[in-house]
Structure formats: C-alpha cells, structure tokens
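Asks: Numbering (this note's numbering), first residue to last: -19 to 234.
Just so you know, even glycine gets a beta-carbon here, dropped at the ideal spot from N, CA and C.
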Amino acid sequence: MISRALAIATLALSLVGNAAAEKVLIGTEAAYEPFAYKTADGKLTGFDIDFTYALCQAMGVECEIIEQDWDGLIPGLLSKKYDVIIASMSITEERMKIIDFAGPYYREPARFYGPKGSGLEDTPASLTGKKVGVLRATILEKYLRKHFPDVDLRTYPSQEEVYLDLSARRLDAGFAAGSAVQFGFLGKDAGKDFEFFGDSHYDGEIFGLGSGMAVRKEDTQLKDRMNAALKTIRENGAYKAVNDKYFSFDIYGM
C-alpha cells in the first residue's frame, strides 16, 4: 500500500511538473503603441503584451513573447517560429485562407491625422494627390487603396516611421487605428502640432471581425483553449484590468 501511494504521489508530481513546464510561444510586433511597444529601458509593454500574459495565466501555461517585424509575422507562424500571433492582427477572409484565428479580442476603426490647421478633410476629393502614410501590408493600406484610390500612398514597415516622416513634413497625413495614434503620437511632444481630422473609418469587408489571435490551421485545440481563456478573463475581470490601464472605454467593442 505504501509503495502504491508513493507511486501515485510520484505520478502526480510528474504531471504537475509537466503542466508547469508547458510553454506557448507568442509572436508580436513591438512598434505599435499602446498595443505593443518598448519603454525607455527596453521593456516590452502595451495592451497586447498585458493581454497575452492574462490569457496565458487563464490557460495555465507559460508564455514566451518573440518579437518579429510585421511583414514576417505570418511567415514566422507558418514556419513554427512561434505558436500564436498576438499583434492586433485583423481577422480577414484573405488571411483565413492560410491561417486561423481565436477571438476576436478587440475591434477598432481607423482615423486620418495630420498637421493642425491643414484644412484637410477625410474625403477622396480633399486627399487626392496628397501623400498619406500607412503601415505596409495591413488592412489599413487595403482600405485606402479601395476608398481613396487617388492619394499618393506611402507604405512603411513600422508605424514609427510614418510618424517620423509626417513630423518631417514628408507626408501630408497618416492613417491608422485611432488609439494607436492617440497614444503613440498625438499624446507625445513629437505630435503636439498634429491632430485627427474627419470621422472614424470602418469597412467590415476589409477590416473583418476585429483583431484576433492567429494560429496555424491545424492547431484547433490551441485555438479552442485560447477562446475559452478569453471568455474566462472577460468574466473574471482580468481583461477589464488590462483594458482600463490603457483605455477609457471598453476596446472589446462587442
């Protein structure tokens, strides 16, 4: 009996050890404040980062976050560099041809921004021929190509480069998610001479269902676990705690 009890205890400890050792690798792009960016001392932070850790805690796994340039996020997932992408990536039909998504975990429209007093309006007529900067290979670029075909579209590998060229007056305007611009540019000294203009822009056919957690198509079990964890943190207040750290409104938007 003692031997059997010891065997059961050993097995239990082994299972606990294996569970504690489970690790999920998360790919993200760290140049999109307030969702994912670095502090002055190089620490990775932002809504997506805090959300990731809250999600992993609910899943009972250890998460390791791996930085990746935006253009390489999906290729990195498909090559198994990491298991999941959590990087404010919109769920679209085009992307779902090659990958799958858990979520969405938030949704948000986009806005134009430019120099104060520019007189620009968020209409195709007003922006015809104007140099507009946008993050490359995103739904934002696709939206502009569809609805503002006559702008002089300039695409960039990071949002920070859009801000830099706008500040240097190499651009007339930028187009991005409103919260990212508010926290990453307009709310800082570098953006003090700039402002939003026009209204919010959203096209469901292009923007999709919102921002999701990208997984490989075959990883259905991981997708289900992440959806369950999202439901848990929405119900237990963990999502709200992360949300309220960055936003004055519920970015979940559903």
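Express the C-alpha separation of residue 97 and residue 79 in angstroms, rounding to a whole number.
Replies: 43 Å
Asks: Where does residue -7 land, buried or exposed, given buried means 16+ other C-beta within 10 angstroms?
Replies: In this prediction, residue -7 has a pLDDT of 48, which is less than 50 and means its spatial position is unreliable; what the coordinates show is noted afterwards. The residue in question, residue -7, is exposed, as its Cβ has fewer than 16 Cβ neighbours within 10 Å.
Asks: Which partner residues does residue 184 have in the DSSP bridge list?
Replies: Beta-bridge pairing links residue 184 to no other residue.
Asks: By the three-class DSSP mapping on this structure, what secondary structure does residue 70 have?
Replies: Three-state DSSP puts residue 70 in a strand.
Asks: Between the alpha carbons of residue 43 and residue 152, how many angstroms are there, rounded?
Replies: 41 Å
Asks: Just how far apart, CA to CA, sit residue 87 and residue 13?
Replies: 16 Å
Asks: Could you give the uninterrupted runs of the beta strand (DSSP E) lying entirely in the region 50 to 115, keeping only those of 3 residues or more?
Replies: DSSP runs (the beta strand (DSSP E)) wholly in the region 50 to 115: 64 to 70, 80 to 86, 90 to 95, 111 to 115.
Asks: Tell me which residues share the same chain as residue 186 and place their Cβ nearer than 8 Å to its Cβ, disregarding the 5 neighbours each side in the sequence.
Replies: 72, 119, 122, 123, 126
Asks: Could you give the residue range of the beta strand (DSSP E) that holds residue 158?
Replies: That residue, residue 158, is in no beta strand (DSSP E); its alpha helix (DSSP H) goes 158 to 161.
Asks: How is the alpha helix (DSSP H) around residue 205 delimited, first residue to last?
Replies: Counting along the chain, the unbroken alpha helix (DSSP H) around residue 205 starts and ends at 200 to 216.
Asks: Indicate whether at least one CB of chain D lies closer than 8 Å to the CB of residue 61.
Replies: Among the protein chains of the structure shown there is no chain D, as only one such chain exists.
Asks: On the three-state DSSP scale, how would you describe residue 174?
Replies: strand
Asks: Quick one: grab the DSSP three-state call for residue 221.
Replies: helix
Asks: Helix, strand or coil for residue -18, going by three-state DSSP, please let me know.
Replies: Residue confidence for residue -18 is low, a pLDDT of 49 falling below 50, so the modelled location carries little weight and cannot support an answer.
Asks: Mind checking whether the beta-carbon of residue 204 lies closer than 7 Å to any heavy atom of the ligand NAP?
Replies: Looking at this structure, you won't find the ligand NAP or any other ligand, since it has none at all.
Asks: Quick check on residue 35: does DSSP put it in helix, strand or coil?
Replies: helix
Asks: Quick one: complete beta strand (DSSP E) runs, 3+ long, within the region 0 to 33?
Replies: Note on the region 0 to 33: whole beta strand (DSSP E) runs with a minimum of 3 residues are 3 to 8, in chain order.
Asks: Just to check my reading of the structure: residue 209 and residue 64 have Cβ atoms closer than 8 Å, yes? What is that Cβ distance to the nearest angstrom?
Replies: With 8 Å as the limit, residue 209 and residue 64 do not qualify as a contact, their Cβ atoms being about 11 Å apart.
Asks: For residue 144, tell me which candidate among 163, 132, 171, 158 has the shortest Cα-Cα distance.
Replies: Residue 171 holds the alpha-carbon nearest to the alpha-carbon of residue 144 among 163, 132, 171, 158.
Asks: Excluding the five sequence neighbours on either side, which residues of its own chain have a C-beta within less than 7 Å of the C-beta of residue 62, listed in chain order?
Replies: Around residue 62: 5, 6, 7, 46, 56.
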